[in-house]
Amino acid sequence: MTYVSDSVGQSPSSRQPEPAVPTLTPQQVQRDSEPHGHQQSDIPIQANKKQSDPRAPQITNVADKETVYQRILLINGRAGPTDRKFETTVTVVTHGFPAVHWPCVDSHFKALVHLVPGPNTISFIMNEPNGQQHTTHFHLTYVPLTQNGPLYLVIMLASDSPATFDAPPEKRHENALDVAIEKFRMCAYMWQAFMSEQFYRNGMGRRALRLDERFIPDTISAQDKGTLRQTAYVHVIRSRRTLKEWRDLRRAQQSPDREDDFQDLFSLFIEGLQDYGAPFDKQCTVAGLMLDSHWDVKAKVTRAHAALGGGTGDLSLGIFGSHLTHAWPRNIEDIVPAFMNTTKTDTRYVANDANESGEWWKAANIGMGAMLHEVGHAHTLTHTASGIMSRGYNNWNRTFMVKEPGLAPIPPHEENGSHWHRVDMLRLRFHRAFRIPEDGYWAPKSDVGPTFAPLASNRVTISAPAGLSMLELIVNGSYRTHLEWPEPHDQPTSYVVDIDQMKKKANCGPHERLRLEATSCNSQSSDVDNVDEFLRNHIITLPGVPGVVFKSMPLGHRGLNGDQKSSVILLPTPQRYLVSIRVHHGGFFDGMVFRWSDGTSNVLGAQGGGATEFNLQPGEFPTKFIVRSGGWVDGLQIITNTGRASPWFGGRGGGLAELEAPAGQQLVGLYATAGAWMDSIGIMYNSSSSTPPPYVRYQSRP
């Protein structure tokens, strides 16, 4: 079949001509792969087509004339007869980029297509074993989204590094720094293609991972290496640390001699980025490759390797060692040979990571796929039930290949582990790195993360000022199911959870532990690890307070192991009312002293740091606390019933959340723990019908 149509937005006179289609000899290639699995099967998209050749390639995962937002696009398709077995190639021809051959098995083919900004015409040529060729012309528009924050690629070296990476003897001629840069660049574009396809399969549009690109000599194709193009830039940083420091066994993640209280490789990498300065001195996300990883044959440990991802402050980072980089493809032509290379891993020279990379194609899977796992952590992803954020990266090759050693064909719905789980996609759907024009102007309603608060013995309310995007139900540590709100206009800011219904939905038995994890569209998450225990411990009675009292979830994870427990009841009486709050704070938040009209006071937390007096007007009382916390309480702001806000007290690290009584409830007090400073804080509240409003009590004072 042939697609005959002008490119989007062009007049016939300005339309890009079809690329010249040479007569190409099918290039026989070898390759390997592994499984993927829960995705929808490929369904041919045949938009605006004129079918003249039934054996010509059909593109099944993108429509003719569609607009995409990435340089390298994954194509799935069918070509040739679908009723018999055969193996041949499909050749991809585009303007300004060399032709590339991709395997076609039993009519299934996959390919990576290079696009340039603006309209593109791509020719897909199915090469029959008998020499006949069948051609489809296809049109796509590529629009770079330069307003999205990029993923920065960084190779970190020791100060005295030889700038080489581990390689078996037959590859010692290609283990220099320039080769590592080329392999890392190709790997990142494969991540880009994979992630965009996963968004599409999950019905979330053509979202794409933007890479930090510059106009420099390109290496994506071996056939025109050095051609100037806009291509991914790889920062090379020599850290202040020596090889001895990087390769210290106390830092090696897989070493039995690892010391957890010893400064780890993640910290060393961050140190190197901070020393380097811009662009790593502001909010950014980084994929980091440690070039000096080295397989210690005697110790049977890879030194200077750690698979870690997360963030600190404004810096999000995923790191991985270079010990498997020898198996990565160097360019687009090398992808098929790399994934079909069954050479045995010789542990006299290179690592067999996790005993799962015993052949080179498997080493490529783990090296690129497991590093993407860490980049996923840097983009807020957690471990999931399946896919790349589980151990699905063993099937990484199947995204790009229709065959692997011992298995063919591999259609899209049989890629097994090579996918993002649905909950991964829901987290990424609203991540600032993946905005697309179709979103229009959109921003989270709030930077505040979700919080849980009990309402009754079997009900919990979730407050999510930014809008709730997902609620995961996890039983005994394993994912069971989830609720989702993927569209901004549908996202609740408050959601009441009936625990009995949730247990039924999750098929949670009476003696099993149900965990709830809420995610809001500002990429903030919060969880209650054991709902039953949470309700037991957070429904109490207090002397002098009628009815039952509920305790919110605490903010701050007691990272100081604080043993100073304190609580304050804030209800006034006719004999006394609150006149001021003395706040103790410094780099972190220490505590508060509540001062009453009768001269008495109550202490919450510690009393270190400096002190600031926040005076209250007659009839004024606190109703909400805005808190930044992580391992402890970093900082806090008080909001009163009049809407007045105190200054910010303490630091600005940690995640942002609010402590406020749910609708229909009234704040009656606070509780906290402290060590050297406060390391957790929560509120206490009850039904507003149980206690006269504080304002009435203020009015009745003498």
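Just so you know, we're using our numbering here: the sequence shown kicks off at 58 and counts up by one. For glycine and all other residues, C-beta sits at the position ideal for the given N, C-alpha and C. Keep in mind that this is a model prediction, so the values were computed, not measured.
Cβ neighbours of residue i in the same chain (closer than 6 Å, five flanking residues each side left out)
i           : result
residue 552 : 519 and 525
residue 597 : 606
residue 112 : 137 and 191
residue 639 : 650, 668 and 670
residue 135 : 115 and 164
residue 154 : 171
residue 326 : 213, 345 and 376
residue 654 : 633, 634 and 636
Beta-bridge partners of residue i, as assigned by DSSP
i           : result
residue 115 : 135
residue 184 : 146 and 190
residue 159 : 147
residue 251 : Residue 251 pairs with nothing; no bridge assigned.
residue 571 : 532
residue 341 : 372
residue 311 : Paired residue(s): none; residue 311 is not in a bridge.
residue 270 : 289
residue 385 : Paired residues: none, contrary to the question.
residue 638 : 651 and 671
residue 280 : Looking at the DSSP assignment, residue 280 forms no beta bridge with any residue, so it has no partner.
residue 694 : 683
residue 541 : 527
residue 608 : 741
Beta-carbon proximity list for residue i, same chain, < 7 Å, skipping 5 on both sides
i           : result
residue 339 : 371
residue 563 : 530, 532, 537, 538 and 571
residue 744 : 604, 721 and 722
residue 431 : 364, 365, 366, 375, 376 and 377
residue 6   : Limits of the chain in this structure are 58 at one end and 759 at the other, which puts residue 6 out of reach.
residue 139 : 164
Residue range of the beta strand (DSSP E) that includes residue i
i           : result
residue 502 : Unbroken run through residue 502: none, as it is neither H nor E.
residue 621 : 621-626
residue 717 : 712-717
Three-state secondary structure assigned by DSSP to residue i
i           : result
residue 226 : helix
residue 705 : coil
residue 377 : strand
residue 514 : coil
residue 126 : coil
residue 738 : strand
residue 417 : helix
residue 352 : strand
residue 263 : coil
residue 324 : helix
residue 177 : strand
residue 302 : helix
residue 647 : strand
residue 744 : strand
residue 220 : coil
residue 498 : coil
residue 727 : strand
residue 472 : strand
residue 659 : strand
Extent of the continuous alpha helix (DSSP H) to which residue i belongs
i           : result
residue 585 : Note, residue 585: premise wrong, no alpha helix (DSSP H); beta strand (DSSP E) at 582-585.
residue 320 : Careful: residue 320 lies outside any alpha helix (DSSP H) and carries neither H nor E.
residue 590 : 588-594
residue 460 : Where residue 460 is concerned, there is no enclosing alpha helix (DSSP H), given that its DSSP letter is neither H nor E.
residue 559 : 556-562
residue 482 : 479-486
residue 392 : 392-395
Proximal residues to residue i (C-beta, below 8 Å), its chain only, five neighbours per side dropped
i           : result
residue 624 : 661, 726, 727, 728, 729 and 741
residue 739 : 608, 609, 610, 611, 612, 716, 727, 728 and 729
residue 388 : 239, 243, 276, 277, 278, 279 and 282
Member of the options whose CA lies at the smallest distance from the CA of residue i
i           : options               : result
residue 290 : 282, 253, 273 and 301 : 273
residue 391 : 255, 277 and 696      : 277
residue 493 : 194, 252 and 262      : 262
residue 703 : 682, 626 and 397      : 682
residue 663 : 211, 731 and 195      : 731
residue 378 : 213, 269, 443 and 579 : 213
residue 615 : 690, 666 and 568      : 690
residue 148 : 199, 297 and 185      : 185
residue 146 : 200, 189 and 404      : 189
residue 437 : 487, 449, 466 and 419 : 487
residue 648 : 122, 686 and 735      : 735
residue 435 : 485, 684, 203 and 585 : 485
residue 206 : 489, 251, 132 and 474 : 489
Interface flag, residue i vs chain B, CB-CB below 9 Å
i           : result
residue 140 : The chain inventory of the structure shown lacks chain B, comprising one protein chain alone.
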